[in-house]
Amino acid sequence: MESSAGSQRRLSDSQREDTENDAASEPQAPVLDGQDAHWRNAVGFWLLGLCNNFSYVVMLSAAHDILRHEQASGNQSHAVLLADILPTLVIKFLAPLGLHLLPYSPRVLVSGICSAGSFILVAFSQSVVTSLCGVVLASISSGLGEVTFLSLTAFYPRAVISWWSSGTGGAGLLGALSYLGLTQAGLSPQHTLLSMLGIPALLLVSYFLLLTSPEPQDPGEEDEAETAARQPLIATEAPESKPGSSWDLSIQERWTVFKGLLHYIIPLVLVYFAEYFINQGLFELLFFRNTSLSHAQQYRWYQMLYQAGVFASRSSLHCCHIRFTWALAVLQCLNLALLLADVYLSFLSSIYLIFLIILYEGLLGGAAYANTFHNIALETSDKHREFAMAAACISDTLGISLSGILALPLHDFLCHLS
């Protein structure tokens with residue numbers, strides 16, 4: 001059976017290379033089979049992106065509800081943010097060093113189990129500590145999943161990166177809507193969370209049953225625009241190297257690859273720093289009294305518009321590619337400066353202007369994420385791609401962490417001023 005064989009081949013990195021060498025000598029598959037594999041992989045990676053971030057978004061919202069129900073203090077709310085960020089940050093820092101020692105299939109199993117555990121812990125939580133343990137499990141699931149699946153794209157056509165990005169963008173929008181919709185429909189938070197245990201199951205089904213076995217990449221499949229745009233990330237890299245050998249790189253080679261990634265990592269760090277500084281530090285302070293929306297309703301609209309922008313731009317790789325991602329970083333920092341000035345001076349008189357700016361903020365953030373990984377996949381050789389994708393994963397989490405360090409104290413300071 002094709003899916004079962006693919007799962008077995010993914011159990012070992014060394015087995016993948018042997019499989020690809022054998023597949024290269026086989027007759028080319030019929031066009032219909034190729035189309036079927038294309039759509040299975042496209043849908044598979046979209047669902048993996050959706051499931052990987054969906055449980056994280058839903059669980060975090062539920063954890064905040066539980067903390068508010070228990071009248072948690074401000075310090076406990078900050079503890080939620082730390083529990084949310086720190087496990088993912090640690091995983092992504094360590095991933096380029098030793099995560100390759102654990103094959104893909106066990107990683108996916110651990111990610112799915114942690115995701116299910118986060119739902120169960122938060123659903124039955126009777127204390128702040130239990131809720132925070134649920135947040136930690138969701139963070140582990142999301143961080144481990146992102147590193148794993150982005151590395152896995154190295155063994156599939158580059159088009160799957162756009163499907164993965166779109167799925168992660170859809171998770172923010174659909175996750176927030178589903179939790180809000182089910183609780184508004186009358187389900188208790190506990191029953192709502194338990195009803196979503198199918199999400200981790202769908203993640204496992206997508207990986208083990210839907211994805212096809214990785215096939216050797218045919219350079220002829222690149223379109224002319226991609227071929228023309230391709231510029232090696234490292235000037236000395238060999239373009240004919242084969243995938244599956246990323247983790248055979250020496251420490252010096254890894255450092256060389258990482259330095260070549262910095263002109264993509266730094267802009268993405270800045271983009272996420274600016275947008276999460278806005279989301280964590282400024283959203284609650286952008287309050288308009290001349291509208292029928294309450295403060296809580298305005299905040300929910302901000303979040304929804306931001307997630308809609310992220311989803312739209314993470315799904316846009318099929319339409320447009322942006323090579324110079326530093327331009328997105330500059331524009332996002334200008335967004336931050338504009339909204340920070342408005343918090344001080346209140347010169348934007350209409351909430352609809354803020355709605356447009358926040359939608360634009362989400363578009364910039366999603367475009368930066370999708371295009372960064374697309375460009376890295378385009379500009380790295382097969383030998384370096386798996387390692388490069390794992391190493392670049394640190395960008396978004398590092399930006400979010402840095403913004404949290406500054407945004408929370410600034411938020412408290414501005415609240416005291418007002």
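As numbered in the UniProt record's numbering, the sequence shown has no gaps in its residue numbers, which increase by one up to the final residue, 418. All C-beta atoms, glycine included, are put in the ideal place defined by N, C-alpha and C. Please read all numbers here as calculations on a predicted model, not as lab measurements.
Asked                                                                                                                                                                                 : Found
Anyone know if the C-beta pair for Trp46 and Gly134 falls short of 8 angstroms?                                                                                                       : no
Helix, strand or coil for Ala407, going by three-state DSSP, please let me know.                                                                                                      : helix
How about the segment 129 to 146 and the segment 32 to 44: do they share at least three Cβ pairs that are nearer than 8 angstroms?                                                    : no
Identify every run of the alpha helix (DSSP H) within the segment 359 to 387, keeping only runs that are complete inside it and at least 4 residues long; order them along the chain. : none
Is it true that the segment 298 to 318 meets the segment 363 to 377, where meeting means three or more beta-carbon pairs spaced less than 8 angstroms apart?                          : yes
For Met59 and Phe119, which I take to be in contact (beta-carbon distance under 8 angstroms), what is that distance rounded to the nearest angstrom?                                  : 6 angstroms
Grab me the residues of Ser195's own chain with a C-beta within less than 8 angstroms of its C-beta, minus the 5 sequence neighbours each way, in chain order.                        : Leu182, Leu187
Could you compute how far the alpha carbon of Phe324 sits from the alpha carbon of Gln126?                                                                                            : 49 angstroms
Helix, strand or coil for Arg289 per DSSP?                                                                                                                                            : coil
Using the Cα positions of Tyr344 and Ser162, report the straight-line distance between them to the nearest angstrom.                                                                  : 39 angstroms
Which same chain residues end up closer than 8 angstroms to Gln332 when comparing Cβ atoms and leaving out the 5 residues on each side of it in sequence?                             : Leu270, Val271, Ala274, Glu275, Glu361, Leu364, Gly365, Ala368
Can you tell me whether Val57 is buried or exposed? The criterion is at least 16 other CB atoms within 10 Å of its CB, across all chains shown.                                       : buried
Contact defined as beta carbons within less than 8 angstroms: I believe Leu204 pairs with Gly112. What is the distance between those atoms, to the nearest angstrom?                  : 5 angstroms
Roughly how many angstroms separate the alpha carbons of Ile322 and Gly34, rounded to a whole number?                                                                                 : 28 angstroms
What span of residues does the alpha helix (DSSP H) with Asp342 cover, start to end?                                                                                                  : 326 to 345
Identify whether Ser165 lies in helix, strand or coil by the three-state DSSP scheme.                                                                                                 : helix
Excluding sequence positions up to five away, which residues of its chain have a Cβ less than 8 angstroms from the Cβ of Gln190?                                                      : Ala123, Phe124
Where does the unbroken alpha helix (DSSP H) through Ala274 begin, and where does it stop?                                                                                            : 251 to 277
Specify the secondary structure class of Ile322 as computed by DSSP and reduced to three states.                                                                                      : coil
If Cys393 sits next to Leu150, beta carbons under 8 angstroms apart, how far is it from one beta carbon to the other, in whole angstroms?                                             : 6 angstroms
Run through DSSP, which three-state label would Gln126 get?                                                                                                                           : coil
Give the list of continuous alpha helix (DSSP H) stretches no shorter than 4 residues that lie fully inside the segment 74 to 119.                                                    : 74 to 98
Helix, strand or coil: how does DSSP classify Ser178 here?                                                                                                                            : helix
Does DSSP put Met196 in a helix, in a strand, or in coil?                                                                                                                             : coil
Thinking C-beta only, is Ala171 closer than 8 angstroms to Phe54?                                                                                                                     : yes
One question on the structure: do Thr153 and Ala377 come within less than 8 angstroms of each other, judged by their Cβ atoms?                                                        : yes
Taking C-beta to C-beta, are Ala116 and Leu197 nearer than 8 angstroms?                                                                                                               : yes
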